[in-house]
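**Student:** The structure under discussion is supplied below as structure tokens; questions concerning it will follow.
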Amino acid sequence: MPNQPIATVTLVVDAAAPAEDAIQAAAAAIRRGELVAFPTETVYGLGANALDATAVARIFAAKQRPAADPLIVHIAAIEQLALVAAEVPPLALALASAFWPGPLTLVLRRQPIVPPNVSAGRDTVAVRVPAHPVARALCAAAGVPIAAPSANMFTRPSPTEAGHVLEDLSGRIELLLDGGATPIGLESSVLDLTQPQPQLLRPGGLPIEALRQFVPDLEFNPRYVDAHTPEAQAAPGMLLKHYSPRAELRLYAGSAERAGARLLADARQALAAGRRVGALAPDEDAAALRELGVQVVALGPGADLARIGRRIFAGMRALDRAGADLILARGVGRAGLGLAIWDRLVRAAEGRVIDAGD
Ligand code: AMP
Ligand code: MG
Numbered sequence: 001m002p003n004q005p006i007a008t009v010t011l012v013v014d015a016a017a018p019a020e021d022a023i024q025a026a027a028a029a030i031r032r033g034e035l036v037a038f039p040t041e042t043v044y045g046l047g048a049n050a051l052d053a054t055a056v057a058r059i060f061a062a063k064q065r066p067a068a069d070p071l072i073v074h075i076a077a078i079e080q081l082a083l084v085a086a087e088v089p090p091l092a093l094a095l096a097s098a099f100w101p102g103p104l105t106l107v108l109r110r111q112p113i114v115p116p117n118v119s120a121g122r123d124t125v126a127v128r129v130p131a132h133p134v135a136r137a138l139c140a141a142a143g144v145p146i147a148a149p150s151a152n153m154f155t156r157p158s159p160t161e162a163g164h165v166l167e168d169l170s171g172r173i174e175l176l177l178d179g180g181a182t183p184i185g186l187e188s189s190v191l192d193l194t195q196p197q198p199q200l201l202r203p204g205g206l207p208i209e210a211l212r213q214f215v216p217d218l219e220f221n222p223r224y225v226d227a228h229t230p231e232a233q234a235a236p237g238m239l240l241k242h243y244s245p246r247a248e249l250r251l252y253a254g255s256a257e258r259a260g261a262r263l264l265a266d267a268r269q270a271l272a273a274g275r276r277v278g279a280l281a282p283d284e285d286a287a288a289l290r291e292l293g294v295q296v297v298a299l300g301p302g303a304d305l306a307r308i309g310r311r312i313f314a315g316m317r318a319l320d321r322a323g324a325d326l327i328l329a330r331g332v333g334r335a336g337l338g339l340a341i342w343d344r345l346v347r348a349a350e351g352r353v354i355d356a357g358d
């Protein structure tokens, strides 16, 4: 039976001090089992009552997300951790005390009160306390933990503005709290503490260097997998093509000089072949690309990773809307937020990385 469209109501809220009536309306919707999109400091989340398996199932349906891809549970405060996590090892407590509220998700043993579909059938649960005032107020007012993946259709770039949520999910969710652009623009870092050694499953808004204060030898060893393979089950969140624009994206690695030159040469060739070429570029590269006739989204100065991180997903969506069929992007250094930006670009490129050399 086809899904009946739902009238999606948008409530505009002040990101720093959301109005109480909007928060109460959203909290009541969550308690009724409805879907509410809301801003977090990372990206917009698509929330439902994490203790209600039927509401959680609606998240997967609305996003067309595979049931094998587990969700993150958002709680109002560290005191709620024991409600969803069966064991809280000392390292989890130390990390939570240091970095919550904030863009760090911890994978711990799941309490049976959390329905299995939240965690794609695993006996673990991913949990964090978000820092955004709207997300915090909503979690507190709802009085229940809120399961919330990013509020985009599966495989589309994560939403960093309310308009992106509507682009993907209008007619599929009951409510959207519009709190403007999200301040980090990259999803949370996901750290698995259920294995003998802590594993960084996803680099994100909290840089790996910060986590190394507590886990000195932490590395990120990406295991990018295709969505349609058995490995996809074993490595949630490691899917290639997880954050893609519709256009083909090519990523150029290597020194700024060589990667930039190779990218320009390829742009020229693709334009000559009649392709509609777009670029996600640092400000330094923008003028030369525009001169060729490339549609450029200038992300900010190449050294300003916070700004690039904020704009990368919006840039992919903007180039899609502009009708680009090929998007060229130069890689970034992998220190700090660069690791998460690099990861999102590799996935958007579905692994098409062109190494121009150092
Ligand atoms: P999203 O919020 O849409 O970025 O998706 C949540 C991500 O959190 C998943 O793709 C996984 O990377 C991760 N995650 C959630 N729950 C678990 C879990 N139980 N075990 C491992 N990773 C998880
Ligand atoms: Mg997501």
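Residue numbers for the sequence shown follow the numbering used here, so the first one is 1 and each next one is one higher.
Using N, Cα and C, we set each Cβ at its ideal position, and we do this for glycine too.
None of the values given here were measured: they were computed from a predicted structure.
1) Where are the alpha helix (DSSP H) runs, 4 residues long or more, that stay fully inside the stretch 17 to 104, in chain order?
2) Please list the terminal residues of the continuous alpha helix (DSSP H) segment that includes E257.
3) Is the beta carbon of L46 less than 8 Å from the beta carbon of I59?
4) Give a single yes or no on whether S150 has its beta carbon closer than 7 Å to a heavy atom of the ligand MG.
5) Would you say the beta carbon of S158 is closer than 7 Å to some non-hydrogen atom of the ligand MG?
6) Can you give me the C-alpha to C-alpha distance between A92 and L193, rounded to a whole angstrom?
7) Any heavy atom of the ligand AMP inside 7 Å of the beta-carbon of A126?
8) Please check the pair A369 and L138, which I expect to be a contact at CB under 8 Å, by giving their CB distance rounded to whole angstroms.
9) Hey, T10 and D283 are a contact pair by Cβ (cut 8 Å); roughly how many whole angstroms apart?
10) For a quick check, are the C-beta atoms of R268 and L292 less than 8 Å apart?
11) Cβ-heavy atom distance between L345 and the ligand AMP below 7 Å?
12) Looking only at its chain, what residues have a beta carbon closer than 6 Å to the beta carbon of V36, apart from the 5 residues adjacent to it on each side?
13) Can you name the residues that DSSP bridges to D192?
14) Less than 7 Å separating the Cβ of L359 from some heavy atom of the ligand AMP?
15) Going by the beta-carbon positions, is the gap between P245 and L319 smaller than 8 Å?
16) Quick one: what's R250 bridged to in DSSP?
17) Check for me: the alpha helix (DSSP H) holding L206 runs from which residue to which?
18) Taking DSSP's pairing of strands, which residues face L175 in a bridge?
19) Taking only three categories from DSSP, how would you classify D355?
20) Below 8 Å between beta carbons: does that hold for V114 and I75?
21) Can you round the beta-carbon distance between R352 and R250 to whole angstroms, since I take them to be within the 8 Å contact cut?
22) Check each candidate in G302, L326, Y252 and name the one with the smallest Cα separation from A273.
23) Counting beta carbon pairs with one atom in the stretch 188 to 207 and one in the stretch 102 to 114, are three or more of them shorter than 8 Å?
24) May I have the straight-line CA-CA distance separating A131 from D14, to the nearest angstrom?
25) Along the chain, where does the alpha helix (DSSP H) that runs through G338 open and close?
26) So what does DSSP say about I372, is it helix, strand or coil?
27) I'd like to know whether the C-beta atoms of A50 and V56 end up nearer to each other than 8 Å.
28) Inspect the CB distances between the stretch 116 to 127 and the stretch 66 to 85 and report whether three or more fall short of 8 Å.
**Tutor:** So, to answer that:
1) Scanning the stretch 17 to 104 from its first residue to its last, the whole alpha helix (DSSP H) runs of 4-plus residues come out as 20 to 31, 53 to 63, 81 to 84, 90 to 99.
2) Unbroken alpha helix (DSSP H) run through E257: 256 to 272.
3) Yes, Cβ-Cβ distance for L46 and I59 is below 8 Å.
4) Answer for S150: yes, Cβ within range of the ligand MG.
5) Yes, since a heavy atom of the ligand MG falls inside the 7 Å radius drawn around the Cβ of S158.
6) Rounded to the nearest whole angstrom, the C-alpha separation of A92 and L193 is 7 Å.
7) True, at least one ligand heavy atom lies under 7 Å from that Cβ.
8) The requested residue 369 is not part of the displayed model; the chain covers only 1 to 358.
9) Actually they do not touch by this definition, with Cβ atoms about 33 Å apart.
10) Cβ distance < 8 Å, so R268 and L292 count as in contact.
11) The nearest non-hydrogen atom of the ligand AMP is 7 Å or more from the C-beta of L345.
12) Contacts found: A26, A29, I30, G47, L175.
13) BP columns for D192 point to V107, Q199.
14) The chain is shown from 1 up to 358; residue 359 falls before or after that span and cannot be answered.
15) A contact, by the Cβ cut-off of 8 Å.
16) Note: R250 sits in a beta bridge opposite L328.
17) In the DSSP assignment, L206 falls outside any alpha helix (DSSP H) and carries neither an H nor an E.
18) DSSP output for L175 lists V9, V36 as bridge partner(s).
19) Strand.
20) No.
21) The pair is a contact, with the Cβ atoms about 5 Å apart (cut-off 8 Å).
22) Just measuring C-alpha positions, the residue of G302, L326, Y252 sitting nearest A273 is L326.
23) With three or more CB-CB distances shorter than 8 Å, the stretch 102 to 114 counts as touching the stretch 188 to 207.
24) A direct Cα-Cα distance of roughly 15 Å separates A131 from D14.
25) Here the alpha helix (DSSP H) through G338 covers 338 to 348.
26) Given that the chain is displayed from residue 1 to residue 358, the structure contains no residue 372 and the question cannot be resolved.
27) Against a cut-off of 8 Å, the Cβ pair of V56 and A50 comes out as a contact.
28) Enough Cβ pairs lie closer than 8 Å, so yes.
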